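Structure record follows, encoded as structure tokens.
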Amino acid sequence: MHFPTLATGLSLLALVSANPVSKLPARGSAARGLNLRQDEPEYFCDEEGCGDACPTTKRLTKKFPAPALARRDIDAPEEGELDSWFADKWGSGDLIEVPFDVEDDYNEWFQLFEDDSFAMGLKGLYGCTSVIIASERGALLSHFWERPWFQDEGLFNEKVIQSLEDNLETLGFRKDDQPSLQVAIYTKFDTSGSNSIKYPDQVSKIHEALTANIPLLSDEDIQDIGYYANPTDSESNDVAAGKVIITYDPEAEDGNPGFNVWAGSLRRDDGSGMPAEEINSPILSATWESD
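The sequence shown lines up with residues -18 to -1, 1 to 273 when you count with mature numbering (1 follows the signal peptide of the UniProt record, and there is no 0).
Right, dumping it as structure tokens:
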């Protein structure tokens, strides 16, 4: 059995594959399919294709500096300015970016909420899934490959569910003493006309793993956020598509701490794509009284 190693604190949490999977698409390619009922092309994200698009960084084992922001409100885009705000964040040099390594089965970053404001981001998503957890304790951004993990039940259980369960035991998220705890699953939207997420069965299993390993978390506490992005936009630093950013400020509202989670590539209720200028609310948000 593959047992992941966990780098705690402010270090990168990465699980390294003991048994690399063969027969993946050629490096640098994005497998692309088109269903006859689809009005949008479908791209698939995997270690060989998405890996080249996503930021590839050596594992980090020391504390990442969390720069203080000048403003005291939780940093957020102006109305209709999501793309430019994401571009500013990626161009600032201050963003804590979740590193990717194509040799890893699973990538994540956990950042404690302490005395400094920060922004933390994940990009390069055009099929992969991110589990996002934030509470009074801190924030977690994770990345799971779409292929082959979400298309093979055995690999999904081993590489996604087991990895998630192992790490949740260590991170200390609890709904009972962290009432602001919120969870979102940012996952691929099905563009074939079903008006639903691409992998409902797999996402349901992620729900089960989360509720089983976060005390008092209920299924209703978890938001499923369907997204659609193409490789070009998800790789670009100039737009919000295929990206997630968490912002935290310890004195956000009346001197109290809080966080926002922003994401691009969202869908309307009818399943159509939502332009970035229409995304004017975070997918997760909370403030709480300071100690």
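For every residue, glycine included, the Cβ atom is placed at its ideal position computed from N, Cα and C. Model, not experiment: these values are computed from the prediction.
Since residue i and residue j are thought to touch, with beta carbons under 8 Å apart, how far apart are those beta carbons, to the nearest angstrom?
{"i": "Y168", "j": "I207", "result": "5 Å"}
{"i": "Y210", "j": "R250", "result": "About 11 Å; that fails the 8 Å criterion."}
{"i": "E147", "j": "A116", "result": "Not confirmed; about 19 Å, so no contact."}
{"i": "N262", "j": "E61", "result": "5 Å"}
{"i": "E235", "j": "T193", "result": "Actually they are not in contact, since the Cβ atoms of E235 and T193 sit about 29 Å apart, beyond 8 Å."}
{"i": "N89", "j": "D98", "result": "About 23 Å separates the two Cβ atoms, so there is no contact after all."}
{"i": "G109", "j": "E79", "result": "Their Cβ separation, rounded to whole angstroms, is 19 Å, which puts G109 and E79 out of contact at 8 Å."}
Less than 8 Å separating the beta-carbons of residue i and residue j?
{"i": "D87", "j": "K141", "result": "yes"}
{"i": "P130", "j": "D158", "result": "no"}
{"i": "G120", "j": "F92", "result": "yes"}
{"i": "L123", "j": "S216", "result": "no"}
{"i": "H189", "j": "I179", "result": "no"}
{"i": "F126", "j": "T111", "result": "yes"}
{"i": "residue 334", "j": "L77", "result": "The first residue shown for the chain is -18 and the last is 273, placing residue 334 beyond what the model contains."}
{"i": "G237", "j": "V221", "result": "no"}
{"i": "L266", "j": "I143", "result": "no"}
{"i": "Y153", "j": "L199", "result": "As written in the sequence, residue 153 is Leu, which differs from the Tyr given in the question. No, they are not a contact pair."}
{"i": "N195", "j": "L150", "result": "yes"}
{"i": "D252", "j": "N177", "result": "yes"}
{"i": "A69", "j": "N212", "result": "no"}
Which residues share a DSSP beta bridge with residue i?
{"i": "I115", "result": "L122 and V165"}
{"i": "T269", "result": "G240"}
{"i": "A222", "result": "Per DSSP, none; premise fails for A222."}
{"i": "E235", "result": "N238"}
{"i": "M102", "result": "I78 and I228"}
{"i": "I179", "result": "F171"}
{"i": "Y209", "result": "K170 and L248"}
{"i": "G255", "result": "R249"}
Can a CB atom of chain D be found closer than 8 Å to the CB of residue i?
{"i": "I207", "result": "The structure shown contains no chain D, having only a single protein chain."}
Cβ of residue i versus every heavy atom of the ligand FMN: is any distance shorter than 7 Å?
{"i": "Y230", "result": "With respect to the ligand FMN, the structure offers nothing, as it holds no ligand at all."}
_So, does the stretch 223 to 237 touch the stretch 94 to 107, judging by three or more C-beta pairs under 8 Å?_
yes
_contact_flag[the stretch 55 to 74, the stretch 232 to 242] where n(CB pairs < 8 Å) is 3 or more_ = yes
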